[in-house]
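J.:
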Amino acid sequence: GVYVDCDYETSQYVASKRSKNTNDYMFEENKLQIVEFVCDSNDTDLCGKARNAFEIAGLIITKAFIFHIPVLVNVSFTNFCKTLNVCGDEAPIGGAKSARHILMRDDDGIDRLYPQALVKQYKLQPHPQFAPYDIKADFNSAASWWFKSDGKPIQGQQKDLVEIILHEYFHGLGFKSNWDDWTDPQTSLQALSPLPLFRLDSQNSSSLIFDGFKESAFDKYLILRSSGQNISEFNTQLNFFAGGPGAKFQNKTNFENQFYNSTQYNQIAKPMFINAQTAKSLGFLPHNKKTKKKAVILETSLIPYSRGSSISHVDLKTYENTSDFLMKYSINLLDTLDGDVAKGGNFSGGPIGPLLRSIMETLGPTLIT
Numbered sequence: 001g002v003y004v005d006c007d008y009e010t011s012q013y014v015a016s017k018r019s020k021n022t023n024d025y026m027f028e029e030n031k032l033q034i035v036e037f038v039c040d041s042n043d044t045d046l047c048g049k050a051r052n053a054f055e056i057a058g059l060i061i062t063k064a065f066i067f068h069i070p071v072l073v074n075v076s077f078t079n080f081c082k083t084l085n086v087c088g089d090e091a092p093i094g095g096a097k098s099a100r101h102i103l104m105r106d107d108d109g110i111d112r113l114y115p116q117a118l119v120k121q122y123k124l125q126p127h128p129q130f131a132p133y134d135i136k137a138d139f140n141s142a143a144s145w146w147f148k149s150d151g152k153p154i155q156g157q158q159k160d161l162v163e164i165i166l167h168e169y170f171h172g173l174g175f176k177s178n179w180d181d182w183t184d185p186q187t188s189l190q191a192l193s194p195l196p197l198f199r200l201d202s203q204n205s206s207s208l209i210f211d212g213f214k215e216s217a218f219d220k221y222l223i224l225r226s227s228g229q230n231i232s233e234f235n236t237q238l239n240f241f242a243g244g245p246g247a248k249f250q251n252k253t254n255f256e257n258q259f260y261n262s263t264q265y266n267q268i269a270k271p272m273f274i275n276a277q278t279a280k281s282l283g284f285l286p287h288n289k290k291t292k293k294k295a296v297i298l299e300t301s302l303i304p305y306s307r308g309s310s311i312s313h314v315d316l317k318t319y320e321n322t323s324d325f326l327m328k329y330s331i332n333l334l335d336t337l338d339g340d341v342a343k344g345g346n347f348s349g350g351p352i353g354p355l356l357r358s359i360m361e362t363l364g365p366t367l368i369t
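Under the working numbering, think of the first position of the sequence shown as 1, with each following residue one higher.
1. Count the other CB atoms within 10 Å of the CB of C87; is the residue buried (16 or more) or exposed (fewer)?
2. Would a C-beta distance cut-off of 9 Å place I165 and A96 closer than the cut-off?
3. How big is the Cα-Cα spacing for L367 and K63?
4. Nearest to I135 by alpha carbon, out of Q203, G308, A99 and G283?
5. Taking Cβ positions, are F213 and F241 nearer each other than 9 Å?
6. Apply the 10 Å Cβ neighbour rule to I303 and answer buried if 16 or more other Cβ atoms are within range, or exposed otherwise.
7. Pick helix, strand or coil for Y114, following the three-state DSSP scheme.
8. Within the continuous alpha helix (DSSP H) that includes F234, where are the two ends?
9. T78 lies in the beta strand (DSSP E); which residues open and close that run?
10. Quick one: measure Cβ to Cβ for S177 and L222, integer angstroms, because I've assumed they're closer than 8 Å.
11. Does the count of Cβ pairs from the segment 249 to 256 and the segment 303 to 318 closer than 8 Å reach three?
12. Can you tell me whether G283 is buried or exposed, with buried defined as 16 or more other CB within 10 angstroms of its CB?
13. For F198, which of K82, Y305, T300 and A247 has the nearest alpha-carbon?
14. Count the other CB atoms within 10 Å of the CB of G370; is the residue buried (16 or more) or exposed (fewer)?
15. On the three-state DSSP scale, how would you describe S19?
16. Are the Cβ atoms of V71 and A117 separated by less than 9 Å?
17. My guess is that D180 and R112 are in contact by the Cβ rule of under 8 Å, so how many angstroms apart are they, rounded?
18. State yes or no: is the C-beta of A137 within less than 9 Å of the C-beta of C81?
19. Assign C39 to one of three DSSP states: helix, strand, or coil.
20. By the 10 Å Cβ neighbour count, where 16 or more other Cβ atoms means buried, how is D43 classified, buried or exposed?
21. Can you name the start and end residues of the beta strand (DSSP E) that M104 belongs to?
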């Protein structure tokens, strides 16, 4: 398996909401099970409310999808100023990601990285080596959180913890593209590719063997909305770089320099960087939809390109105030989960809108009808 780091949501992702009373969810078995919960606050009431928020978010997802195997979550609710030395307005409010990604051969013959939570649902025998939990969630206990159970209106810089957890859980369950600028930030490279994988050369431990650019499970369904062309076709072309997987490089810098001067960089990776900054250029086409018009529009309007926000969210302008608000990259101040559900027309499925349901069903979890 390959461990892939994802970025935290910053306080730009200001959020808050839940669709029903807390207790409405508590009678079901939670399929997103918290296996470890660390809270460093001396405020036991805050720790209790935070844990409850994670339980509620898990139960909302449990009500929407069938998980044959429970999804295990490791939660840290800690003061980022102390643990990460990131304080004040600079501090992110939190995030969640898959604890491990596993390379799986897809039905189109392409190897893609799948989040462990989804791979477990396939009940493979023998199964690949799994991490002890499926999703790692890290949230900042020093952020200003709002809890519905307090019975007070949201105010100031408060964010509804349940809404942000819910959003982040979906990233941990596979709502995440691997198309990114994976090169070192010091370089002036401005191009996108899926994650380049390497392994050490057993003959010469100082050199790297390139194993190819690897898409995520999510990337299989990305299309160019103008033509309907599948983005995976671009990655097939990218993987001709340097003769393809198996190529050897002295180090990562040597790889980057050669990539920068390659046909693949100039004809595919650079245009993808432009696509990622062209509004409404990319879409996710669910497995049961056939025409490009049915694609869910992804976030490609941000200039400059924003790692973690671009591509791996739905288009803000299109889905603001709709039933599919949840996976926008940003939520307005003073919004709550209940308020967003109401603004979106009180969809019967609560905060998990019909398009998000179709995306997740495409990736693996079966819908509860």
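Virtual Cβ for every residue (Gly too), placed ideally from N, Cα, C.
T.: Reading off the structure:
1. Here residue 87 refers to the residue found at position 87 of the sequence shown. Answer is exposed; the Cβ neighbour count stays below 16.
2. For the purposes of this step, residue 165 is taken as residue 165 along the sequence shown, with counting starting at 1. For the purposes of this step, residue 96 is taken as residue 96 along the sequence shown, with counting starting at 1. Against a cut-off of 9 Å, the Cβ pair of A96 and I165 comes out as a contact.
3. Position 367 of the sequence shown, counting from 1, holds the residue named residue 367. Position 63 of the sequence shown, counting from 1, holds the residue named residue 63. In a straight line, the C-alpha of L367 is about 9 Å away from that of K63.
4. Residue numbering aside, residue 135 sits at position 135 when the sequence shown is read from its first letter. Looking at the Cα atoms, A99 is the closest of the given residues.
5. Mapped onto the sequence shown, residue 213 falls at position 213. Mapped onto the sequence shown, residue 241 falls at position 241. Taking a C-beta distance under 9 Å as the contact criterion, F213 and F241 qualify as a contact pair.
6. The residue given as residue 303 occupies position 303 in the sequence shown. Here I303 is exposed, its C-beta having fewer than 16 other C-beta atoms within 10 Å.
7. Taking the first residue of the sequence shown as position 1, residue 114 is located at position 114. Looking at Y114 - three-state DSSP - the assignment turns out to be strand.
8. If you number the sequence shown from 1, residue 234 lands on position 234. In the DSSP annotation of this structure, the continuous segment of the alpha helix (DSSP H) that includes F234 starts and ends at S232 to L238.
9. Counted from its first residue, the sequence shown places residue 78 at position 78. For T78, the uninterrupted beta strand (DSSP E) segment begins and ends at V71 to T78.
10. Translated into positions along the sequence shown, residue 177 becomes position 177. Translated into positions along the sequence shown, residue 222 becomes position 222. Taking 8 Å as the upper bound for CB-CB distance, S177 and L222 are in contact here, some 7 Å apart.
11. Judged by Cβ distances under 8 Å, the segment 249 to 256 makes no contact with the segment 303 to 318, as fewer than three pairs qualify.
12. As a working mapping, residue 283 is identified with position 283 in the sequence shown. Taking all protein chains in view, the Cβ of G283 is crowded by 16 or more other Cβ atoms within 10 Å, so the residue is classified as buried.
13. Position 198 of the sequence shown holds residue 198. When only C-alpha atoms are compared, the closest one is A247.
14. Look at the range of the chain in this structure, 1 to 369, and you will see that residue 370 is not part of it.
15. Reading the sequence shown from its first residue, position 19 is the one you call residue 19. Only weak support is given to the placement of S19: the predicted model assigns it a pLDDT of 30, under 50, and the question is left unresolved by the model.
16. Stepping through the sequence shown from its first residue, residue 71 is reached at position 71. Stepping through the sequence shown from its first residue, residue 117 is reached at position 117. Yes, these two residues count as a Cβ contact at 9 Å.
17. Taking the first residue of the sequence shown as position 1, residue 180 is located at position 180. Taking the first residue of the sequence shown as position 1, residue 112 is located at position 112. A Cβ-Cβ distance of about 15 Å is found for the pair D180 and R112, leaving them out of contact under the 8 Å criterion.
18. Along the sequence shown, one-based indexing puts residue 137 at 137. Along the sequence shown, one-based indexing puts residue 81 at 81. In this structure, A137 lies away from C81, with their beta-carbon atoms at least 9 Å apart.
19. Here residue 39 refers to the residue found at position 39 when the sequence shown is read from its first residue. C39 carries a strand assignment under DSSP once its states are collapsed to helix, strand and coil.
20. By 1-based counting over the sequence shown, the position of residue 43 is 43. Exposed, since its Cβ has fewer than 16 Cβ neighbours within 10 Å.
21. By 1-based counting over the sequence shown, the position of residue 104 is 104. Where M104 is concerned, the enclosing beta strand (DSSP E) stretches over H101 to R105.
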